[in-house]
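Inspection log for the structure reproduced underneath, given as structure tokens.
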Amino acid sequence: ILVVVDALDECDEDDERDVMQKLLRAFARYLTPGTPFKDLDQFYTVILRNVVPENCDNDDTISRYQSVVGAIVFVQRPLPVSTLAQLIKIDVLDILEVLDNLQSVILLGSNDLPRIYHKSFPDYLTDQARCKDPHLRIDTKICHIQIATRCFEIMDKGLKRNILGLGDPARFMSNEDGLKEAAITDEQIQEKIPQQLRYACVYWVNHLEVANIEDEALMSGLEKFVDEHMLYWFEVLSLIGNLDLAHLAIRAVLKLLVQFDFT
Numbered sequence: 658i659l660v661v662v663d664a665l666d667e668c669d670e671d672d673e674r675d676v677m678q679k680l681l682r683a684f685a686r687y688l689t690p691g692t693p694f695k696d697l698d699q700f701y702t703v704i705l706r707n708v709v710p711e712n713c714d715n716d717d718t719i720s721r722y723q724s725v726v727g728a729i730v731f732v733q734r735p736l737p738v739s740t741l742a743q744l745i746k747i748d749v750l751d752i753l754e755v756l757d758n759l760q761s762v763i764l765l766g767s768n769d770l771p772r773i774y775h776k777s778f779p780d781y782l783t784d785q786a787r788c789k790d791p792h793l794r795i796d797t798k799i800c801h802i803q804i805a806t807r808c809f810e811i812m813d814k815g816l817k818r819n820i821l822g823l824g825d826p827a828r829f830m831s832n833e834d835g836l837k838e839a840a841i842t843d844e845q846i847q848e849k850i851p852q853q854l855r856y857a858c859v860y861w862v863n864h865l866e867v868a869n870i871e872d873e874a875l876m877s878g879l880e881k882f883v884d885e886h887m888l889y890w891f892e893v894l895s896l897i898g899n900l901d902l903a904h905l906a907i908r909a910v911l912k913l914l915v916q917f918d919f920t
């Protein structure tokens, strides 16, 4: 019932009665034993129409919705809205506008971390047989391509030699005592290695594994990363305590390149 009430809060007064009837009918059928998926799907569709109206022809509205919701579904760990904005290159206010219309299915708590209420929601969004409107559906590969490409762009802009400005960076890598001796604080590390760069360094390969690596922009980003930034990537992974991920990522990339005959 709370989901229905939240959905009604998102509606204009003129539309409230019609939306309420649709929601309650779908919700009642969903609670009935033996209810097919289609009634739950109808329930989600009614909610999503708050963001993307039926027969919507505004490409910006559709693209923004798919990018925001797709990122929330596919990020490897919950990210604050401010970091999410950097990751998908969409203004914070635009993200909040989308989320404000989806409070019934995506929770935005006081910690500023958007979270999906229930697994059935992303299941519906990514299933072509269930989510029949391509404007509402989230394409898994396209979304991972977009996120992986942005990870490479973020690393291209943010990675550099001696990112903390230390006298001898090798002495401090994976060495908390060395960082303390140099009076390097967590705040300084956060400033030099912000959350979006940290996320990109740790999770780019997770998105690459799902994406279509034949995408030209994605492969260009991977090639530039390998040629220009890999050593600086090692440095950042060391400083944030994730150096053990490096060999796993490299092995995953080599496997993909062999699989798609890029070697």
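Going letter by letter, the sequence shown gives residues 658 to 920 in my numbering. We put the CB at the ideal spot given by N, CA and C, even for glycine.
In chain order, 891, 894 place their CB closer than 7 Å to the CB of residue 903, counting only its own chain and leaving out the 5 sequence neighbours on each side.
Judged by pairs of C-beta atoms under 8 Å, the segment 734-742 does not touch the segment 696-711, as fewer than three such pairs exist. Non-local beta-carbon contacts of residue 804 in its own chain, meaning distances under 6 Å to residues more than five positions away in sequence, involve 864 in chain order. The alpha-carbon separation between residue 878 and residue 806 amounts to approximately 6 Å. Around the beta carbon of residue 908, fewer than 16 other beta carbons sit within 10 angstroms, so the residue counts as exposed. Judged by their CB atoms, residue 846 and residue 888 are not nearer to each other than the 9 Å cut-off. The C-alpha of residue 913 is placed about 7 Å away from the C-alpha of residue 866.
Beta-bridge pairing by DSSP links residue 772 to 764. Within the same chain, 719, 792 come within 8 Å of residue 713 by CB-CB distance, once the 5 residues on both sides are set aside. A Cβ-Cβ contact shorter than 9 Å links residue 747 with residue 725. Rounded to the nearest angstrom, the gap between the Cα atoms of residue 843 and residue 788 is 44 Å. In the three-state scheme derived from DSSP, where H, G and I count as helix and E and B as strand, residue 704 is classed as helix. Taken through DSSP and simplified to helix, strand or coil, residue 842 comes out as coil.
If you ignore the 5 residues before and after residue 777, its C-beta comes within less than 7 Å of the C-beta of 697, all in its own chain and listed in chain order. Per DSSP, the unbroken alpha helix (DSSP H) holding residue 780 starts and ends at 777-782.
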